[in-house]
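Here is the structure we will look at.
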Amino acid sequence: MNLSVENLSAAYGDTRVLWDVSLEIGEREIVALIGSNGAGKSTLLGAISGLVDIVGGEVRYGDVKLNELPPDRIVQSGVVQVPQGRRLFGSLSVRENLLMGAYLRRDKEVEADLERVLAMLPRLRERIGYLAGRLSGGEQQQVAIARALMARPKMLLIDEMSLGLAPVLVDSLLDILTQIHASGVAILMVEQDVQTALEFAERAYVLETGRITLTGPAHALLDDPNVKKAYLGV
Amino acid sequence: MVAVPKPRRGAITGKRWVFLVSLGLMAGLLFVPAGHSDYLNLTFRNILMYAAMSYGWNLIGGYTGYISFGNVAFFGIGAYCSAVLSKAGVDNLFADVGLALIVNALFAVAVGLPILRLRGHYFGIATLGVALGLTDLASNLDFLGGSGGASIKQIGEAHFTTYYYAMWAVTLACMIATFFIARSKLGYAFVAIRENEEAAQVLGISPTRYKVTAWAIGAMMGGAAGAVFGAANGFIDPPTAFAVDNNVFPIAMAILGGMGTASGPFIGALLLSGANELLQQHFLKLHALFFGGIIVLMILFLPRGLMYLVGLRGGMRRWLSDLAVFRV
Numbered sequence: 026m027n028l029s030v031e032n033l034s035a036a037y038g039d040t041r042v043l044w045d046v047s048l049e050i051g052e053r054e055i056v057a058l059i060g061s062n063g064a065g066k067s068t069l070l071g072a073i074s075g076l077v078d079i080v081g082g083e084v085r086y087g088d089v090k091l092n093e094l095p096p097d098r099i100v101q102s103g104v105v106q107v108p109q110g111r112r113l114f115g116s117l118s119v120r121e122n123l124l125m126g127a128y129l130r131r132d133k134e135v136e137a138d139l140e141r142v143l144a145m146l147p148r149l150r151e152r153i154g155y156l157a158g159r160l161s162g163g164e165q166q167q168v169a170i171a172r173a174l175m176a177r178p179k180m181l182l183i184d185e186m187s188l189g190l191a192p193v194l195v196d197s198l199l200d201i202l203t204q205i206h207a208s209g210v211a212i213l214m215v216e217q218d219v220q221t222a223l224e225f226a227e228r229a230y231v232l233e234t235g236r237i238t239l240t241g242p243a244h245a246l247l248d249d250p251n252v253k254k255a256y257l258g259v
Numbered sequence: 391m392v393a394v395p396k397p398r399r400g401a402i403t404g405k406r407w408v409f410l411v412s413l414g415l416m417a418g419l420l421f422v423p424a425g426h427s428d429y430l431n432l433t434f435r436n437i438l439m440y441a442a443m444s445y446g447w448n449l450i451g452g453y454t455g456y457i458s459f460g461n462v463a464f465f466g467i468g469a470y471c472s473a474v475l476s477k478a479g480v481d482n483l484f485a486d487v488g489l490a491l492i493v494n495a496l497f498a499v500a501v502g503l504p505i506l507r508l509r510g511h512y513f514g515i516a517t518l519g520v521a522l523g524l525t526d527l528a529s530n531l532d533f534l535g536g537s538g539g540a541s542i543k544q545i546g547e548a549h550f551t552t553y554y555y556a557m558w559a560v561t562l563a564c565m566i567a568t569f570f571i572a573r574s575k576l577g578y579a580f581v582a583i584r585e586n587e588e589a590a591q592v593l594g595i596s597p598t599r600y601k602v603t604a605w606a607i608g609a610m611m612g613g614a615a616g617a618v619f620g621a622a623n624g625f626i627d628p629p630t631a632f633a634v635d636n637n638v639f640p641i642a643m644a645i646l647g648g649m650g651t652a653s654g655p656f657i658g659a660l661l662l663s664g665a666n667e668l669l670q671q672h673f674l675k676l677h678a679l680f681f682g683g684i685i686v687l688m689i690l691f692l693p694r695g696l697m698y699l700v701g702l703r704g705g706m707r708r709w710l711s712d713l714a715v716f717r718v
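Chains as they are written, first to last, in the working numbering: chain B, 26 to 259; chain E, 391 to 718.
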């Protein structure tokens, strides 16, 4: 199923943040959304997840209009967000954090999924009983991703995964994303680290002051002189 | 396949053995009326009453992280429920508590929906406003006796004992309800909101729904204690129903014992009431000063309460490194 955003506009009070944004993420695709601070990237993810009110346009996932659903139904439909800044439940254990990701699920496969997630992220198995707030930044980001996986996403929205992490940690997180993608999950990643995002994604959109200004295959954007000038500093 | 360790629930109910000790102490408190002392009955009934109110506050303040300064409103409403029923000719503790539960749940949902949108100190101030508003309202409603108050018919001769057991039962119910709520998915939603409301929302946990639920269950706890108090006291007026002490003590008790734990409010109520009783006997004029001092010291050096010390691993060094007061 495709996630499609059509002519989406969003505002905080009187301040318009997104203007007629349209984008599409196909089944099993990896798409990057890049742009500078304040371009509206997180707002766009928030609007998809139903956390930000939209003023116009629509968000569809397959035939379902997500913008008419409350946040919990959006999560249940398979569109799950890994929020910026990790946002863990600091005084709960890693295990409890992961189980919180499955909060809305009523099926009997939660334990089996936990085992699967821990098999993918062996570091977290070692840390399973630790309080999430006591982990290192890289480990916390792993918990945040794993917690989202526990909701059984078909479309994962990842906001600023690399923020504040050493490049070597980012590389290992990207390896994890590759595995997640291989298991059949589409990924929309929002990144300020343009180089990393464009090397990892298949396609990309550039968001500038609330508008999509450029789109195309990621490698093409990587060679685009405008992108180079604006974001890569070369 | 390596087995996933069993969940550690220590963080959400406090240490299991402390809860068992608390239950044991509760069982011991059943024998207070055997002392045939009205003073003892009254003193321990007050301790139980504060414990029940503290449990009510603990759900919203301790578990959900919304610090309320207005939970006395529910206590007062509960007490007035007894007065209204008594005036209507119904003098039955079950009816008193039942009405208090219903009225408080409805009131809490109606008030909670707007004010639980506020966060931090804005929420705290709004709750204070609710309590003050109700005090004024009760003073001006004639059918509640206005500022002159209303009397409540007492039941039977051995009423001290009856009311004591009633308060005991209410407190035990609050304690056990807290333990099971904390371990349930409901309790985890409360804690998730306390720890990170945005994250809870992203995972599809509707903050409004769960905040109002925590607030309403807490309101029912405080209301039940108020209903028994009203009936036991035989008289209720606005300054008694909405007393500042009844607002502050339960909060201080939950902090002392340990916010967001199932034993904290009870342990805190025992210790703080005990301390208060002793101070009042020996330093009548200064006891409030000591009491305030205890609260200040607790906030500075043991902000997470005695339950934190019980669960502490890493000893003194870990404790000191956790203290905000030593960070510049």
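Glycine included, C-beta positions come from ideal geometry on N, C-alpha and C. All values reported here derive from a predicted model rather than from experimental measurement.
Any C-beta of chain B under 8 angstroms from that of residue i
i: Tyr578 (chain E); result: yes
i: Ser596 (chain E); result: yes
i: Asn586 (chain E); result: yes
i: Ala589 (chain E); result: yes
i: Ala652 (chain E); result: no
i: Leu593 (chain E); result: yes
i: Val581 (chain E); result: yes
Cβ of residue i within 8 angstroms of any chain E Cβ
i: Val89 (chain B); result: no
i: Val104 (chain B); result: no
i: Ser67 (chain B); result: no
i: Gln101 (chain B); result: yes
i: Ser161 (chain B); result: no
i: Pro178 (chain B); result: no
i: Leu181 (chain B); result: no
i: Asp45 (chain B); result: no
i: Asp138 (chain B); result: no
i: Asp97 (chain B); result: yes
i: Pro192 (chain B); result: no
Residue i burial status per 10 Å Cβ neighbour count (16 or more: buried)
i: Arg387 (chain E); result: The structure shown does not extend to residue 387 (chain E), since chain E is modelled only from 391 through 718, so no value can be given for it.
i: Ala393 (chain E); result: Unreliable positioning characterises Ala393 (chain E) in this predicted model, as indicated by a pLDDT of 43, which lies under 50. The coordinate reading is nonetheless provided below. Classification for Ala393 (chain E): exposed.
i: Ala622 (chain E); result: buried
i: Ala478 (chain E); result: exposed
i: Asp486 (chain E); result: buried
i: Asp428 (chain E); result: exposed
i: Leu512 (chain E); result: The question names Leu, yet the displayed sequence has Tyr at residue 512 (chain E). Tyr512 (chain E) is exposed by the Cβ-count criterion.
i: Pro395 (chain E); result: Its pLDDT being 43, under 50, Pro395 (chain E) is placed unreliably in this model, and the coordinates cannot settle the point.
i: Phe619 (chain E); result: buried
i: Thr603 (chain E); result: buried
i: Glu10 (chain B); result: With chain B represented from 26 up to 259, any question about residue 10 (chain B) goes unanswered, as that position is not in the structure.
Residue of the options minimising C-alpha distance to residue i
i: Gln591 (chain E); options: B:Arg41, B:Lys66, B:Ala57, B:Asp97; result: B:Asp97
i: Val168 (chain B); options: B:Leu143, B:Glu52, B:Lys66; result: B:Leu143
i: Ala617 (chain E); options: E:Met443, E:Arg573, E:Gly519, E:Arg509; result: E:Met443
i: Gly536 (chain E); options: E:Ser596, E:Tyr698, E:Met649, E:Ala631; result: E:Ala631
i: Ser208 (chain B); options: B:Ala64, B:Glu185, B:Leu181; result: B:Leu181
i: Ala441 (chain E); options: E:Asn448, E:Ala659, E:Leu522; result: E:Ala659
i: Tyr586 (chain E); options: B:Phe114, B:Ala57, B:Gly51; result: According to the sequence provided, residue 586 (chain E) is Asn. The question's Tyr does not apply to it. Closest option to Asn586 (chain E), Cα to Cα, is B:Phe114.
i: Tyr256 (chain B); options: B:Ala64, B:Pro178, B:Val195, B:Gly189; result: B:Ala64
i: Gly126 (chain B); options: B:Gly103, B:Glu224, B:Gly110; result: B:Gly103
i: Gly241 (chain B); options: B:Arg228, B:Arg152, B:Ala191; result: B:Arg228
i: Tyr578 (chain E); options: E:Gly612, E:Gly452, E:Leu562; result: E:Gly452
i: Phe409 (chain E); options: E:Met697, E:Leu710, E:Trp709; result: E:Met697
i: Thr561 (chain E); options: E:Leu419, E:Gln671, E:Arg708; result: E:Leu419
i: Leu699 (chain E); options: E:His672, E:Phe680, E:Met649, E:Gln671; result: E:Met649
i: Gly235 (chain B); options: B:Ile170, B:Gly60, B:Leu194; result: B:Gly60
Extract the residue ranges of the alpha helix (DSSP H) inside the stretch 580-614 of chain E, only unbroken runs of 4 or more that lie entirely within it.
Every alpha helix (DSSP H) stretch that sits fully inside the stretch 580-614 of chain E and reaches 4 residues is listed by chain position as 587-592.
Short of 8 angstroms Cβ to Cβ, which residues in the stretch 560-579 of chain E face chain B?
Lys575, Tyr578, Ala579
Curious, which full-length beta strand (DSSP E) runs of at least 3 residues does the stretch 48-72 of chain B contain?
55-59
Alpha helix (DSSP H) runs contained entirely in the stretch 462-543 of chain E, provided each spans 4 or more residues:
462-477, 483-505, 510-530
If you scan the stretch 97-179 of chain B from start to end, which runs of the beta strand (DSSP E) of 3 or more residues do you find wholly inside it?
With a minimum length of 3 residues, the continuous beta strand (DSSP E) runs that stay inside the stretch 97-179 of chain B are 104-107.
Mind checking the stretch 113-134 of chain B against chain E and listing, in chain order, the residues whose C-beta falls within less than 8 angstroms of any C-beta there?
Leu113, Phe114, Gly115, Ser116, Leu117, Ser118, Arg120, Glu121, Leu124, Met125, Gly126, Tyr128, Leu129
Continuous alpha helix (DSSP H) assignments of at least 4 residues falling wholly in the stretch 183-259 of chain B
Scanning the stretch 183-259 of chain B for uninterrupted alpha helix (DSSP H) segments of 4 residues or longer gives 192-207, 219-225, 243-248, listed from N- to C-terminal end.
Which residues, taken in chain order from the stretch 233-250 of chain B, show a beta carbon closer than 8 angstroms to some beta carbon of chain E?
none
Could you list the residues in the stretch 57-82 of chain B with a C-beta less than 8 angstroms from some C-beta on chain E, going in chain order?
Those would be Ser74, Leu76, in chain order.
Complete runs of the alpha helix (DSSP H) confined to the stretch 635-675 of chain E [at least 4 residues]:
654-672
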